[in-house]
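Numbering (this note's numbering), first residue to last: 8 to 232.
For glycine and all other residues, C-beta sits at the position ideal for the given N, C-alpha and C.
Beneath this line is the structure, given in structure tokens, with notes to follow.
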Amino acid sequence: MESRDLGFWEKYNACLKTGAQVAVTGEDGQCKAAISYTHVFLNEHKASDFLNIECKRILQLGASDGKFIADYKQSHNDWTFVGYDYSKNAVDALLKKGIEAREVDLDAIDKSKDEPRLSYGEQIREDIINPVNIFMIRVLQHLEPSSVILLLFHLIDCAAPGSVFFIANNVDDEEEKKDDLEKKEMTVRTPGYVASFFLPRTDMQVLMVSRVNLKTDELLIIKKI
Ligand SMILES: C[S@@+](CC[C@H](N)C(=O)[O-])C[C@H]1O[C@@H](n2cnc3c(N)ncnc32)[C@H](O)[C@@H]1O
Numbered sequence: 008m009e010s011r012d013l014g015f016w017e018k019y020n021a022c023l024k025t026g027a028q029v030a031v032t033g034e035d036g037q038c039k040a041a042i043s044y045t046h047v048f049l050n051e052h053k054a055s056d057f058l059n060i061e062c063k064r065i066l067q068l069g070a071s072d073g074k075f076i077a078d079y080k081q082s083h084n085d086w087t088f089v090g091y092d093y094s095k096n097a098v099d100a101l102l103k104k105g106i107e108a109r110e111v112d113l114d115a116i117d118k119s120k121d122e123p124r125l126s127y128g129e130q131i132r133e134d135i136i137n138p139v140n141i142f143m144i145r146v147l148q149h150l151e152p153s154s155v156i157l158l159l160f161h162l163i164d165c166a167a168p169g170s171v172f173f174i175a176n177n178v179d180d181e182e183e184k185k186d187d188l189e190k191k192e193m194t195v196r197t198p199g200y201v202a203s204f205f206l207p208r209t210d211m212q213v214l215m216v217s218r219v220n221l222k223t224d225e226l227l228i229i230k231k232i
């Protein structure tokens with residue numbers, strides 16, 4: 008695997024540590040600040056109504072500095088939380104908040120076998136072997152298309168029944184599109200692309216498919232049955 012330029016995400020997560028907030032488009036079209044994207048989707052768009060509260064577990068991929076988990080943990084201290092991120096600043100912040108953190112590059116693929124597979128596949132399988140709420144909030148859109156495919160199929164195959172997937176991707180951000188890699192535009196940046204992995208499956212129940220934040224984000228909530 009080539010070494011990755013983490014510069015952007017290290018700076019992003021360092022800024023959050025100092026109290027910076029994220030920016031989202033409100034339903035009125037105005038840009039507004041939020042503590043984290045996960046706060047926006049879980050609280051404002053009512054995704055939290057679909058949490059599997061019996062399993063008492065949250066796994067967050069692209070957990071950043073863990074502000075959502077830390078908030079949630081305050082009122083749910085008997086739950087188990089795990090955060091994945093490849094930014095050292097993010098992992099440090101998670102650990103400082105007492106959150107179990109895994110420093111993992113979600114784009115890491117082992118190509119040494121006949122078929123490419125996720126380098127961290129076994130690790131993540133252990134984290135989803137019991138029912139869990141899996142958050143992937145504004146992270147898939149930043150991965151390589153081939154990693155997204157492997158990751159989604161792996162999660163679908165390995166997640167215990169009862170697990171709930173919370174996925175939000177920016178699918179229509181003209182400003183971001185200008186800067187981001189064009190090759191990603193036809194994948195997670197295409198409306199309906201991520202949903203298409205789940206919709207044909209009889210073991211997946213779609214709880215929500217919605218365009219929010221003035222239709223710039225696709226919010227998917229899917230339960231493995
Ligand atoms: C836009 S932030 C979203 C953070 C958080 N989910 C939220 O709701 O605010 C994306 C996060 O994904 C992480 N990330 C990006 N690419 C990654 C990769 N290949 N492997 C692991 N983490 C990655 C970044 O370090 C960053 O913390």
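| Item | Value |
| --- | --- |
| Cβ-Cβ distance between Ala175 and Leu226 below 7 Å | yes |
| DSSP three-state assignment for Tyr91, whether helix, strand or coil | strand |
| Nearest-angstrom beta carbon gap, Ala40 and Ala54 [assumed within contact, 8 Å] | Not quite, the Cβ-Cβ distance comes to about 19 Å (not below 8 Å), so this is no contact. |
| Presumed contact (8 Å Cβ cut-off) between Asn220 and Pro138, rounded CB distance | Not quite, the Cβ-Cβ distance comes to about 29 Å (not below 8 Å), so this is no contact. |
| Residue burial classification, Ser82 (beta-carbon count within 10 angstroms, cutoff 16) | exposed |
| Ala97 Cβ short of 6 Å to ligand 1 heavy atom set | yes |
| Residue interval of the alpha helix (DSSP H) (run including Glu129) | 128-134 |
| Distance cut-off 6 Å: Thr32 Cβ against heavy atoms of ligand 1 | no |
| beta-carbon Ser153 near ligand 1 non-hydrogen atom, thresh 6 Å | no |
| Nearest-angstrom Cα separation, counted from Gly105 out to Ile42 | 19 Å |
| Residue burial classification, Gly73 (beta-carbon count within 10 angstroms, cutoff 16) | buried |
| Gln37 versus Ile228, Ile232, Thr223, residue with shortest Cα-Cα distance | Thr223 |
| Which listed residue (Asp35, Leu49, Trp86) has its alpha carbon closest to that of Ile239 | No answer is possible for residue 239: the residues shown for the chain start at 8 and end at 232. |
| Closer than 6 Å: Val201 CB and nearest ligand 1 heavy atom | no |
| Within 7 Å, strictly: CB atoms of Arg208 and Tyr44 | no |
| Inter-residue CB distance, Ala77 and Lys24 (contact presumed, cutoff 8 Å) | With a Cβ gap of about 12 Å, Ala77 and Lys24 do not count as contacting. |
| Residue of Gln130, Leu125, Gln67 minimising C-alpha distance to Ser170 | Gln67 |
| Same chain, Cβ closer than 7 Å to Phe88, neighbours up to 5 away in sequence not counted | Ile65, Ile76, Lys80, Ile106, Glu107 |
| Ser94 and Leu158 closer than 7 Å at C-beta | no |
| Ile135 burial status per 10 Å Cβ neighbour count (16 or more: buried) | buried |
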